[in-house]
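Engineer:
Chains as they are written, first to last, in the numbering used here: chain A, 1486 to 1615; chain B, 44 to 431.
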């Protein structure tokens, strides 16, 4: 396969240009906070859950084009999914839905998966406690 | 939408006059300069003319110029060449922590093979302290390599002062002058350097050709073996068209450089001043005054460099960033970290480098476009949210 270097797919650029579900959520049921300033990507993902179904998801991200696009894509993918289904979403699935990512950007999809899991964990621990 | 190119520090377009000068050497005068018939000798003559043009630009003698394949090669040649030739005398090399990778990684290579390296710190503006150089010299020191101007932040280093110290202590002095030759005055005797690296494509010449200035009497080993070319120091059939192009570019630079620096400095200053007026939490990286006439490097808080670059690209504006996201490692620019920036700030850096075709209108357009991009990205930044 031809090496496309660091170029992004059209789908990545589309999500980068018009990211979906941007912003802080009021009274979220679960919040995931992943990444660190050293690697240059920080994601915060918020979910709202009703009857075990994720009814809304939003994000805030500091990071590169791929970080923004994967955040946007993962929030789109989880909406309407049950908690169990959402936990099945892998970083590869996010990358594939974006038409692939340059190899050096795969870590951004990992971050998106981690952000989602962390938000779900947060929700589960809160609902157990409550 | 017309493209606005503000990455002249990465590379410059080859000037049409330079291309024109090169063309005959691909076809009509294709002979091997080592051949004795006239075809070859004509090519040889063209190389020697180019050598004079390059030497004239930096105040050197013709025979002190060795053509190489790039600036990176010139750095490798200088550092490994001096290190290996002078190993019996000592194995200590001093360099700065903000050098180009061509120097830093060559130093790492030597370090892994038993050489002792000192990486000097810089102050918040990117300046090396000559006193640190003096204090770091031991009886084992054979080479000091400090760049003339930094490629990322544009800070011009105090080479004259460092040169005085290296001369007093009899240590070889190399400088990577890839960002300065053809842009600001460079004189090897004034600077007191023994070796100086250059690259043609940074001064409107072609890619694939560079040069190393080697002061007469400097002891260094040959870099490429297998022929008599370049006084046996760098064997290989010469890149004749490239060398001719480098010569032509050097000749033009010599006559236009001062005027061009005078034209670019106010454009640079306008960018710096108006960025600060239009965007809050923005910081200039590098020295406010001792900097290249064409370099602007800023860090913009709460936003990341690659996403700014991509947004600028969507507006057809080409700039670069020191964010890790532009490279395969996750670490941001070693230069910005050495200046004392936080990781967030290093990731939020942008470099604008101006050049021959930069206009006042282009600067105006950038000033118009960037604040909106920053606002868009800040609206989704969790870093800003946590400050509210």
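C-beta atoms are modelled at their ideal positions from N, C-alpha and C, and glycine is treated no differently.
1. To the nearest angstrom, how far is the alpha carbon of residue 169 of chain B from that of residue 73 of chain B?
2. By how many angstroms is the C-alpha of residue 1603 of chain A removed from the C-alpha of residue 428 of chain B?
3. Pair every Cβ in the region 405-415 of chain B with every Cβ in the region 308-318 of chain B, then say whether three or more of these pairs are closer than 8 Å.
4. According to the Cβ coordinates, are residue 115 of chain B and residue 105 of chain B closer than 7 Å?
5. Tell me the rounded alpha-carbon separation between residue 1545 of chain A and residue 195 of chain B.
6. Within its chain, find whatever has a CB closer than 8 Å to the CB of residue 1608 of chain A; leave out the 5 residues flanking it on each side and keep chain order.
7. Between residue 1529 of chain A and chain B, is any beta-carbon pair separated by less than 7 Å?
8. For residue 134 of chain B, which of B:182, B:164, B:102, B:88 has the nearest alpha-carbon?
9. Determine the DSSP secondary structure at residue 335 of chain B, reduced to helix, strand or coil.
10. Taking Cβ positions only, does residue 1561 of chain A come closer than 7 Å to chain B?
11. Classify residue 1495 of chain A as buried or exposed, calling it buried when 16 or more other Cβ atoms lie within 10 Å of its own Cβ.
12. Taking residue 1576 of chain A as the reference, give the member of A:1566, A:1558, A:1564, A:1565 with the closest Cα.
13. Taking C-beta to C-beta, are residue 175 of chain B and residue 163 of chain B nearer than 7 Å?
14. In the DSSP output, which residue or residues are listed as bridge partners for residue 1519 of chain A?
15. Against chain C, with Cβ distances strictly below 7 Å, would residue 1538 of chain A count as a contact?
16. In chain order, what residues of the same chain have a beta carbon less than 6 Å from the beta carbon of residue 338 of chain B, not counting five sequence neighbours either side?
17. Whole angstroms is fine: what's the gap from residue 1501 of chain A's alpha carbon to residue 166 of chain B's?
18. Can you give me the C-alpha to C-alpha distance between residue 1497 of chain A and residue 130 of chain B, rounded to a whole angstrom?
19. Can you name the start and end residues of the beta strand (DSSP E) that residue 394 of chain B belongs to?
20. Are there 16 or more other CB atoms within 10 angstroms of the CB of residue 376 of chain B, so buried, or fewer, so exposed?
21. Name, please, each residue of chain A whose Cβ falls closer than 8 Å to the Cβ of residue 428 of chain B.
22. My understanding is that residue 68 of chain B touches residue 284 of chain B, with C-beta atoms under 8 Å, so please give their C-beta distance in whole angstroms.
23. What residue does the beta strand (DSSP E) around residue 242 of chain B start on, and which one ends it?
24. Is there a Cβ from chain B that is less than 7 Å from the Cβ of residue 1523 of chain A?
25. Quick one: complete alpha helix (DSSP H) runs, 4+ long, within the region 212-272 of chain B?
26. Apply the 10 Å Cβ neighbour rule to residue 1612 of chain A and answer buried if 16 or more other Cβ atoms are within range, or exposed otherwise.
27. Between residue 432 of chain B and chain A, is the shortest Cβ-Cβ distance under 7 Å, so that the two count as touching?
28. Determine, using beta carbons only, whether residue 425 of chain B comes closer than 7 Å to chain A.
29. Counting Cβ pairs, one atom from each stretch, are 3 or more of them under 8 Å apart for the region 245-264 of chain B and the region 110-126 of chain B?
30. Checking 7 Å against the spacing of the C-beta atoms, do residue 103 of chain B and residue 214 of chain B come in under that value?
31. When you compare the CB of residue 1548 of chain A with every CB in chain B, is at least one pair closer than 7 Å?
32. Taking all protein chains shown into account, decide if residue 1504 of chain A is buried (16 or more other Cβ within 10 angstroms of its Cβ) or exposed.
33. Whole angstroms are fine: how far does the CA of residue 1588 of chain A sit from the CA of residue 1528 of chain A?
34. What number of angstroms, rounded off, separates the C-alpha of residue 141 of chain B from the C-alpha of residue 294 of chain B?
35. At 4 residues or longer, and completely inside the region 123-162 of chain B: list those alpha helix (DSSP H) runs for me, N to C.
36. Please confirm whether residue 206 of chain B and residue 246 of chain B have their CB atoms less than 7 Å apart.
Structural biologist: Considering the structure as presented:
1. Taking the first residue of the second chain as position 1, residue 169 of chain B is located at position 126. Taking the first residue of the second chain as position 1, residue 73 of chain B is located at position 30. For residue 169 of chain B and residue 73 of chain B, the distance between alpha carbons rounds to 46 Å.
2. Your numbering for residue 428 of chain B matches position 385 in the second chain. Your numbering for residue 1603 of chain A matches position 118 in the first chain. Between residue 428 of chain B and residue 1603 of chain A, the C-alpha separation is close to 19 Å.
3. yes
4. If you number the second chain from 1, residue 115 of chain B lands on position 72. If you number the second chain from 1, residue 105 of chain B lands on position 62. No, Cβ-Cβ distance for residue 115 of chain B and residue 105 of chain B is not below 7 Å.
5. Indexing the first chain from 1 puts residue 1545 of chain A at position 60. Indexing the second chain from 1 puts residue 195 of chain B at position 152. Computed Cα separation, rounded: 29 Å.
6. As a first step, residue 1608 of chain A is located in the first chain; it is residue number 123 there, counting from the start. If we look at residue 1608 of chain A and ignore the five residues flanking it on each side, its Cβ neighbours are 1514, 1515, 1532, 1534, 1568.
7. For the purposes of this step, residue 1529 of chain A is taken as the residue at position 44 of the first chain. For residue 1529 of chain A, the answer is yes, since a Cβ of chain B falls inside 7 Å of its Cβ.
8. For the purposes of this step, residue 134 of chain B is taken as the residue at position 91 of the second chain. Nearest of B:182, B:164, B:102, B:88 to residue 134 of chain B, Cα basis: B:182.
9. Start at 1 with the first residue of the second chain, and residue 335 of chain B comes out as number 292. Three-state result, residue 335 of chain B: coil.
10. Within the first chain, the letter at position 76 stands for residue 1561 of chain A. No, residue 1561 of chain A lies away from the interface with chain B (no Cβ there is under 7 Å from its Cβ).
11. The residue you call residue 1495 of chain A lines up with position 10 of the first chain. The residue in question, residue 1495 of chain A, is exposed, as its Cβ has fewer than 16 Cβ neighbours within 10 Å.
12. Residue mapping note: residue 1576 of chain A aligns to position 91 of the first chain, counting from 1. Nearest C-alpha to residue 1576 of chain A: A:1558.
13. Working through the second chain from its first residue, we reach residue 175 of chain B at position 132. Working through the second chain from its first residue, we reach residue 163 of chain B at position 120. Yes. Within cutoff.
14. For this step, residue 1519 of chain A is matched to residue 34 along the first chain. A:1528.
15. Included in the structure are the protein chains A and B, with no chain C among them.
16. Position 295 of the second chain, counted from the first residue, corresponds to residue 338 of chain B. Excluding sequence neighbours, residue 338 of chain B sits near 197, 396.
17. Taking the first residue of the first chain as 1, we reach residue 1501 of chain A at position 16. Taking the first residue of the second chain as 1, we reach residue 166 of chain B at position 123. The alpha-carbon atoms of residue 1501 of chain A and residue 166 of chain B are separated by roughly 37 Å.
18. The residue labelled residue 1497 of chain A in the question sits at position 12 within the first chain. The residue labelled residue 130 of chain B in the question sits at position 87 within the second chain. Between residue 1497 of chain A and residue 130 of chain B, the C-alpha separation is close to 52 Å.
19. Within the second chain, the letter at position 351 stands for residue 394 of chain B. Note, residue 394 of chain B: beta strand (DSSP E), 392-396.
20. Against the second chain, residue 376 of chain B aligns to sequence position 333. Buried is the call here.
21. To locate residue 428 of chain B, count along the second chain from 1; it is residue 385. Simply 1509, 1529, 1545.
22. Taking the second chain and counting its residues from 1, the one referred to as residue 68 of chain B is at position 25. Taking the second chain and counting its residues from 1, the one referred to as residue 284 of chain B is at position 241. With 8 Å as the limit, residue 68 of chain B and residue 284 of chain B qualify as a contact, their Cβ atoms being about 4 Å apart.
23. Residue 242 of chain B sits at position 199 when you count from the first residue of the second chain. Here the beta strand (DSSP E) through residue 242 of chain B covers 238-242.
24. As a working mapping, residue 1523 of chain A is identified with position 38 in the first chain. Chain B contact via Cβ: present.
25. 231-234
26. Translated into the one-based positions of the first chain, residue 1612 of chain A becomes position 127. The residue is exposed, with fewer than 16 neighbouring Cβ atoms inside 10 Å.
27. Since the first and last residues shown for chain B are 44 and 431, residue 432 of chain B lies out of range.
28. Translated into positions along the second chain, residue 425 of chain B becomes position 382. Chain A, which has a Cβ nearer than 7 Å to the Cβ of residue 425 of chain B, makes this yes.
29. yes
30. Residue numbering aside, residue 103 of chain B sits at position 60 when the second chain is read from its first letter. Residue numbering aside, residue 214 of chain B sits at position 171 when the second chain is read from its first letter. The answer is no: Cβ separation not under 7 Å.
31. Position 63 of the first chain, counted from the start, is the residue given in the question as residue 1548 of chain A. Closer than 7 Å: yes.
32. Residue numbering aside, residue 1504 of chain A sits at position 19 when the first chain is read from its first letter. Per the 10 Å Cβ criterion, buried.
33. Locating residue 1528 of chain A in the first chain gives position 43, where the first residue counts as 1. Locating residue 1588 of chain A in the first chain gives position 103, where the first residue counts as 1. If I take the Cα positions, the gap works out to 20 Å.
34. As a working note, residue 141 of chain B is residue 98 in the second chain. As a working note, residue 294 of chain B is residue 251 in the second chain. Looking at the two C-alpha atoms, the distance is approximately 30 Å.
35. 144-155
36. Looking up residue 206 of chain B in the second chain gives position 163. Looking up residue 246 of chain B in the second chain gives position 203. No, they are not a contact pair.
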